[in-house]
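Colleague: The listed protein sequences correspond, in order, to chains A and B.
For reference, each letter of the first sequence is one residue, going 0 to 328 in numbering that gives the first Met the number 0.
For reference, each letter of the second sequence is one residue, going 0 to 188 in numbering that gives the first Met the number 0.
From the three backbone atoms N, C-alpha and C, an ideal C-beta is built for every residue, glycine too.
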Amino acid sequence: MSDPEQETWRPGASPETLRQRARLKRWLRETLDARDWLEIDAPVLIDSPDFEPNIALFRATLPDGTPAGSLHSSPELSMKRLLCAYPNLPGAYYLGPVFRANEAGRRHNPEFTMLEWYDNGATLKSAIDTTISLIQSAREAVGLSPAPVEHHDYGALFRRHCALDPYQADTDTLARAAGHLGIDLADPADMTRDDWLDLLMSLVIEPRLDTAALTVVTGYPASQAAMARIQPTRFEGRDIHTAARFEVYGGGLELANGYHELVDPDEQARRLDSAGSRQPSPSQQHFLAALAHGLPECSGVAMGVDRLLMWLTGAEDIDAVLPFSARRV
Amino acid sequence: MASYSTNEFRAGLKVMLDGDPATIVENEFVKPGKGQAFNRTKLKNLKTGKTIERTFKSGDSLEAADIHEQEMQYLFSDGEEWHFMDPESFEQIMATKDAVGDSAQWLKEQDMCQVTLFNGVPIQVLPPNHVELAVVETDPGLRGDTATGGTKPAKLETGAVVKVPLFIEEGEVLRCDTRTGEYLSRVKN
Chain A
0 MSDPEQETWR
10 PGASPETLRQ
20 RARLKRWLRE
30 TLDARDWLEI
40 DAPVLIDSPD
50 FEPNIALFRA
60 TLPDGTPAGS
70 LHSSPELSMK
80 RLLCAYPNLP
90 GAYYLGPVFR
100 ANEAGRRHNP
110 EFTMLEWYDN
120 GATLKSAIDT
130 TISLIQSARE
140 AVGLSPAPVE
150 HHDYGALFRR
160 HCALDPYQAD
170 TDTLARAAGH
180 LGIDLADPAD
190 MTRDDWLDLL
200 MSLVIEPRLD
210 TAALTVVTGY
220 PASQAAMARI
230 QPTRFEGRDI
240 HTAARFEVYG
250 GGLELANGYH
260 ELVDPDEQAR
270 RLDSAGSRQP
280 SPSQQHFLAA
290 LAHGLPECSG
300 VAMGVDRLLM
310 WLTGAEDIDA
320 VLPFSARRV
Chain B
0 MASYSTNEFR
10 AGLKVMLDGD
20 PATIVENEFV
30 KPGKGQAFNR
40 TKLKNLKTGK
50 TIERTFKSGD
60 SLEAADIHEQ
70 EMQYLFSDGE
80 EWHFMDPESF
90 EQIMATKDAV
100 GDSAQWLKEQ
110 DMCQVTLFNG
120 VPIQVLPPNH
130 VELAVVETDP
140 GLRGDTATGG
150 TKPAKLETGA
160 VVKVPLFIEE
170 GEVLRCDTRT
180 GEYLSRVKN
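#1: My output table needs one value for Trp310/A: the three-state DSSP class, helix, strand or coil.
#2: Counting only beta-carbon separations shorter than 7 Å, does Glu315/A have a partner in chain B?
#3: Here's a check: name, in chain order, each residue in its chain whose Cβ is nearer than 7 Å to the Cβ of Tyr3/B, leaving out the five neighbours to either side.
#4: Suppose you measure from the CA of Glu246/A to the CA of Ala55/A; what does that come to, to the nearest Å?
#5: According to DSSP, His150/A sits in a beta bridge with which residue or residues?
#6: Return helix, strand or coil for Ile167/B, following the three-state DSSP convention.
#7: Taking Ala94/B and Pro126/B to be in contact with their CB atoms under 8 Å, please state how far apart those CB atoms are, rounded to whole angstroms.
#8: Quick one: is Glu6/A buried, meaning 16 or more other Cβ sit within 10 Å of its Cβ, or exposed?
#9: Within 10 angstroms of its Cβ, does Ser77/A collect 16 or more other Cβ (buried), or is it exposed?
#10: Out of curiosity, what's the CA-to-CA distance linking Ile239/A and Ala59/A?
#11: Roughly how many angstroms separate the alpha carbons of Ala185/A and Thr191/A, rounded to a whole number?
#12: Mind checking the stretch 100-127 of chain A against chain B and listing, in chain order, the residues whose C-beta falls within less than 8 Å of any C-beta there?
#13: Could you check whether the Cβ of Ser298/A sits closer than 7 Å to any Cβ belonging to chain B?
#14: Between which two residues does the beta strand (DSSP E) holding Asp118/A run?
#15: Using 7 Å as the limit for Cβ to Cβ distance, is Met0/A near chain B?
#16: With 16 other CB atoms within 10 Å as the buried threshold, where does Ala21/B fall?
#17: Give me the subset of the stretch 71-82 of chain B whose CB atoms are less than 9 Å from a CB atom of chain A, sorted by chain position.
#18: In this structure, how does DSSP classify Asp171/A when only helix, strand and coil are distinguished?
#19: Could you tell me which chain B residues have their CB closer than 9 Å to the CB of Ile229/A, listed as they occur along the chain?
#20: Just how far apart, CA to CA, sit Asp265/A and Arg80/A?
#21: Under the rule that 16 or more other beta-carbon atoms within 10 Å means buried, what is Ser125/A, buried or exposed?
#22: So, using beta-carbon positions, are Gly11/A and Ala319/A closer together than 7 Å?
#23: Residues of chain B with a CB under 7 Å from the CB of Ser77/A: which are they?
#24: Compare the C-beta of Ala168/A against all C-beta atoms of chain B and say whether one is closer than 7 Å.
#25: Give the DSSP-derived three-state secondary structure of Lys162/B in the structure shown.
#26: For Asp19/B, report the span of its beta strand (DSSP E) as first-last.
#27: Using the beta-carbon of each residue, which ones in chain A are nearer than 7 Å to Arg53/B?
#28: Could you spell out the range, first to last residue, of the alpha helix (DSSP H) harbouring Trp195/A?
#29: Under the assumption that Ala325/A contacts Ala100/A (Cβ atoms under 8 Å), give the Cβ distance between them as a whole number of angstroms.
#30: Is the stretch 126-136 of chain A in contact with the stretch 39-57 of chain B, if contact means three or more CB pairs nearer than 8 Å?
#31: Which chain A residues are close to Gly11/B, counting only those with a beta carbon under 9 Å from its beta carbon?
#32: Contact criterion: CB-CB distance below 7 Å. Does Met309/A meet it with respect to chain B?
#33: Taking the continuous alpha helix (DSSP H) assigned at Val99/B, which residues delimit it?
#34: Rounded C-beta distance between Tyr153/A and Gly250/A? I'm assuming under 8 Å.
#35: Between Glu260/A and chain B, is the shortest Cβ-Cβ distance under 7 Å, so that the two count as touching?
#36: Using only the alpha-carbon positions, how far apart do Val148/A and Arg233/A sit?
Here it is, written out as structure tokens:
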């Protein structure tokens, strides 16, 4: 019996999906080029900037075993250095592969296609508008009508679905809420506050987002700012600080993540420090030197192109939108 | 014993969970782009048959369970113990009532069964999908009635009771599906 699922020499995507994939990439390039943004070939092989606590890198080695850097998980540092050097560029984008070790599943492939752009001068609000309009016109380009757009506040989502305040709740409160919501976590011992928030976001909130809508979430806790600015705001009558960051979901599927970028070199150096970078690597030193020279006010957005294609085609598994996912290489 | 890390989790993997052997039924990797990764799994306890959901922080691991599935020939039972034989080594092994469970009603001497062994001890026995068993008890047949579609219960030589067409007589051999417990056909001699 030949079960096509078992024939792993075959591509996962159908010829129609592969054609849509090629068309989508061409269309994205044309649309961004029309804004006079510059496509940048960011280097894929870089030294090891280990500043994302939850992203594991693929390490490269020379034939004699000497470490030779990593495959990038995002072109962020290169793209920002470029904007520091050429602050008159209206925008720049990267469309190509990025790599994240150990991320494999129905919605993840360790090698995936990222569209990451930096919009010179853009505020968070305008970055959200650009992202939504790009996704809506991508829908139009494949013959779909625009999706309804919902805007949600991170704090309000946690209040509604988990009955707690995500900015204040301690790990005990978060663990109890997870238990009440039917989550049985094998080993909760070393879970941080942010780990618990990620767990509730992934298992409780995301599945409850409108499956037909594009959902924009803002108001992420300051502890999840990464390279975004931190801004004062209010939640339930209190003054708090949140990250100038947004996520866009297509029917509960995370499609894009955007920041109003941090431009302060001292604050950036402190964050790299606290993320466990003992001695900044050469590329981090280049990055900090570039920030000291001056990064123009800008917003950056990273969009998963395979995820977008999943949402546009209704695919349940990323394997169905890739020629050869990691299950087939 | 070896252990499996979450990135090796896949359906069918046999692991130790809360002291019992279990099989992974479903494994889903979930992770916000910038956030902590988790594996949301469904596991079936191989002793109780119960399925539970458990979430693991990615990078956690579970001990492997020493589980083997083996084709074995059913020999005999005294009602308390069921005896099986490995057709290659001729080694004999005994299964308890708990391990055999509802399968007992389908077990006919010399039939080949699928036996699940945990640390060498049977914890589950599955009869062949299709068995041929004689009727030992049923109401008298309505000769010639092959059209009305009515059914009646019939008790088979191994103890199972199946619904059969009205024309079936005691002593006839029937082909049955043990997964559904349904009568399939008469076996002609």
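Modeller: Judging by the given coordinates:
#1: helix
#2: no
#3: Leu12, Val14, Ser60, Leu61, Ala63
#4: 21 Å
#5: Val215/A
#6: coil
#7: About 12 Å separates the two Cβ atoms, so there is no contact after all.
#8: exposed
#9: buried
#10: 42 Å
#11: 15 Å
#12: Asn101, Glu102, Ala103, Gly104, Arg105, Arg106, His107
#13: no
#14: 110-119
#15: Note that Met0/A scores a pLDDT of 41, beneath 50, so its modelled location is shaky and nothing firm can be said.
#16: buried
#17: none
#18: helix
#19: Simply none; closest approach about 15 Å.
#20: 16 Å
#21: exposed
#22: yes
#23: Near Ser77/A there are no residues of chain B at all, since even the closest Cβ is about 19 Å away, more than 7 Å.
#24: no
#25: strand
#26: 19-29
#27: Asp183, Ala185
#28: 192-199
#29: Between Ala100/A and Ala325/A the Cβ distance is about 11 Å, and since that is not below 8 Å, they are no contact.
#30: no
#31: In chain order: nothing, as chain A lies at least about 14 Å away.
#32: no
#33: 96-99
#34: That belief does not hold up - the Cβ atoms of Tyr153/A and Gly250/A are roughly 19 Å apart, past 8 Å.
#35: no
#36: 23 Å
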